[in-house]
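Chemist: Have a look at the structure that comes next, please.
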Amino acid sequence: MAPINASEVKGYAPKEVLPEVETDNGKGIGYSYDTLQETANFLLSRTSVRPRIGIICGSGMGSYWKDGSLADHIEDPVRFKYEDIPNFPVSTVEGHTGQLVFGKLGDVPVMAMQGRFHYYEGYPLWKCCLPVRVMKLIGIKVLMATNAAGGLKSAYKVGDIMIVKDHINMMGFAGNNPLHGPNDERFGPRFPPMNRAYNYEYRKIAKEVAKELSIDNIVREGVYTCLGGPNFETVAELNMLKMVGVDAVGMSTVHEVITARHCDMHVFALSLITNECVVEYDHDAEANHEEVLDVGRMRQDILRKYVTKLVERFNKTLTP
Ligand SMILES: O=P(O)(O)O[C@H]1O[C@H](CO)[C@@H](O)[C@H]1O
Ligand code: HPA
């Protein structure tokens, strides 16, 4: 039988368009501390902003809709396209602009990622989380991760904002973890605890601020899980996740949080519920990325105000 030429198979991406899976020149999994320090030094030498809070803008939040998004409201911005940053991956998902923005949100210096990296794009988890380690090396103390997620808990409505209380690392159950491979103690310990991953004080502040802004009627608290994607879930998969206590489903964040906690950053995370998870068979609705982006746009003003206030409050908890 004649061998199949993979490049002629429909849907096969030729090697040159796939992101490279890199292994630090064969020395191990992930980039070395020194390599990431080079990336941090590159950024620090090109901006005078010294952020202590790093924000990851999820799908439709700060990435896609110009002028109203969080990242577009950062004052005195210094922007770096991902492709211009040494060792950085590039964003390939619609709604993820692909740039780092340094500047001020309210009166707080921040660094925002306008677009994140996902496993389904072809990046290994350690590479999806590389920016978190770079954040650590530039002096950031708090990671605020935002994402778009499907609402699994029946009480959740599209447009709700869920404060993440905890996560279930489904990909980790199968041995896929951003910390897989040799451990560099300069980042953190071999066996980091994860029972206090989502900072209790920040969750409490987030509930108070929701009241102050009169958005407590749409702010919830729940458990997030990340699946590998890129397909949305089957009915059976969603029902299984519901049974084990998942409230919202996405394809990101969990590995970023693990990486941040490993290197002792404080973590706060928000999910914007962009669609209802379909848990019955006799239902016509189908999850789709356009709806995810549309709901991001619908909520961008509220999210921007909420995140800006949270950043101001979290910053007050940090010692000068
Ligand atoms: O988690 P973020 O990046 O917000 O995006 C979510 O939305 C996309 C699916 O529509 C997936 O990338 C999923 O993870
Ligand atoms: O329903 C979803 N499932 C997985 N990821 C998602 N990201 C936004 N919505 C969803």
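The sequence shown runs 10 to 329 under our numbering.
Glycine included, every Cβ here is placed at the ideal spot set by N, Cα and C.
Alpha carbons only, please: which of 194, 316, 259 and 175 is nearest the one belonging to residue 209?
Modeler: What you label residue 209 is simply residue 200 of the sequence shown in a count that begins at 1. For the residues 194, 316, 259 and 175, the minimum Cα distance to residue 209 belongs to 175.
Chemist: Please list the terminal residues of the continuous alpha helix (DSSP H) segment that includes residue 140.
Modeler: Stepping through the sequence shown from its first residue, residue 140 is reached at position 131. Segment 139 to 146, the alpha helix (DSSP H) holding residue 140.
Chemist: Closest by CA to residue 233, which one among 258, 86, 152 and 222?
Modeler: For the purposes of this step, residue 233 is taken as residue 224 along the sequence shown, with counting starting at 1. Checked all of 258, 86, 152 and 222; the closest Cα to residue 233 is 258.
Chemist: Please confirm whether any heavy atom of ligand 2 lies closer than 8 angstroms to the CB of residue 265.
Modeler: For this step, residue 265 is matched to residue 256 along the sequence shown. Checking the Cβ of residue 265 against ligand 2 gives no.
Chemist: Taking the C-alpha atoms as reference points, what is the distance between residue 266 and residue 144?
Modeler: Looking up residue 266 in the sequence shown gives position 257. Looking up residue 144 in the sequence shown gives position 135. Cα to Cα, residue 266 sits roughly 12 angstroms from residue 144.
Chemist: Rounded to the nearest angstrom, what separates residue 288 and residue 243 at their Cα positions?
Modeler: The residue you call residue 288 lines up with position 279 of the sequence shown. The residue you call residue 243 lines up with position 234 of the sequence shown. Roughly 8 angstroms between the two C-alpha positions.
Chemist: Using only the alpha-carbon positions, how far apart do residue 190 and residue 274 sit?
Modeler: Residue numbering aside, residue 190 sits at position 181 when the sequence shown is read from its first letter. Residue numbering aside, residue 274 sits at position 265 when the sequence shown is read from its first letter. Going from the Cα of residue 190 to the Cα of residue 274 covers about 21 angstroms.
Chemist: According to DSSP, is residue 205 helix, strand or coil?
Modeler: On the sequence shown, residue 205 is found 196 positions in, with the first residue counted as 1. Residue state, collapsed to three classes: coil.
Chemist: What is the DSSP secondary structure of residue 83, reduced to helix, strand or coil?
Modeler: Within the sequence shown, numbered from 1, the residue matching residue 83 stands at position 74. Correct three-state label for residue 83: coil.
Chemist: With DSSP collapsed to three states, give me the class of residue 229.
Modeler: Here residue 229 is taken as the residue at index 220 of the sequence shown, counted from 1. If DSSP states are grouped into helix, strand and coil, residue 229 belongs with the strands.
Chemist: Give the straight-line distance between the Cα atoms of residue 328 and residue 295, rounded to the nearest whole angstrom.
Modeler: As a first step, residue 328 must be located in the sequence shown, where it is residue number 319. As a first step, residue 295 must be located in the sequence shown, where it is residue number 286. Distance between the alpha carbons of residue 328 and residue 295: 47 angstroms.
Chemist: Nearest-angstrom Cα distance between residue 114 and residue 252?
Modeler: If you number the sequence shown from 1, residue 114 lands on position 105. If you number the sequence shown from 1, residue 252 lands on position 243. Rounded to whole angstroms, residue 114 to residue 252 spans 39 angstroms at the Cα level.
Chemist: Residue 125 and residue 109: beta carbons closer than 9 angstroms?
Modeler: In the sequence shown, counting from the first residue as 1, residue 125 sits at position 116. In the sequence shown, counting from the first residue as 1, residue 109 sits at position 100. Cβ atoms of residue 125 and residue 109: not closer than 9 angstroms.
Chemist: Any idea which residues DSSP pairs residue 156 with across the strands?
Modeler: Position 147 of the sequence shown, counted from the start, is the residue given in the question as residue 156. Residue 156 pairs with 280.
Chemist: Along the chain, where does the alpha helix (DSSP H) that runs through residue 249 open and close?
Modeler: Taking the sequence shown and counting its residues from 1, the one referred to as residue 249 is at position 240. Residues 244 to 252.
Chemist: Near residue 6, what residues of its chain come up, given a Cβ to Cβ distance below 6 angstroms and the 5 sequence neighbours on each side ignored?
Modeler: Outside the shown range of the chain (10 to 329) lies residue 6, about which nothing can therefore be said.
Chemist: Going by Cα to Cα distance, which pick from 225, 286 and 219 is closest to residue 344?
Modeler: Nothing can be reported for residue 344: it is not among the residues displayed for the chain, which extend from 10 to 329.
Chemist: Look at the Cβ atom of residue 83, then the Cβ atom of residue 63, and state whether they are nearer than 9 angstroms.
Modeler: By one-based count along the sequence shown, residue 83 stands at place 74. By one-based count along the sequence shown, residue 63 stands at place 54. No. Outside cutoff.
Chemist: DSSP three-state call for residue 109: helix, strand or coil?
Modeler: In the sequence shown, counting from the first residue as 1, residue 109 sits at position 100. If DSSP states are grouped into helix, strand and coil, residue 109 belongs with the strands.
Chemist: What residue range is occupied by the uninterrupted alpha helix (DSSP H) comprising residue 267?
Modeler: As a working mapping, residue 267 is identified with position 258 in the sequence shown. From DSSP, the alpha helix (DSSP H) with residue 267 extends over 263 to 271.
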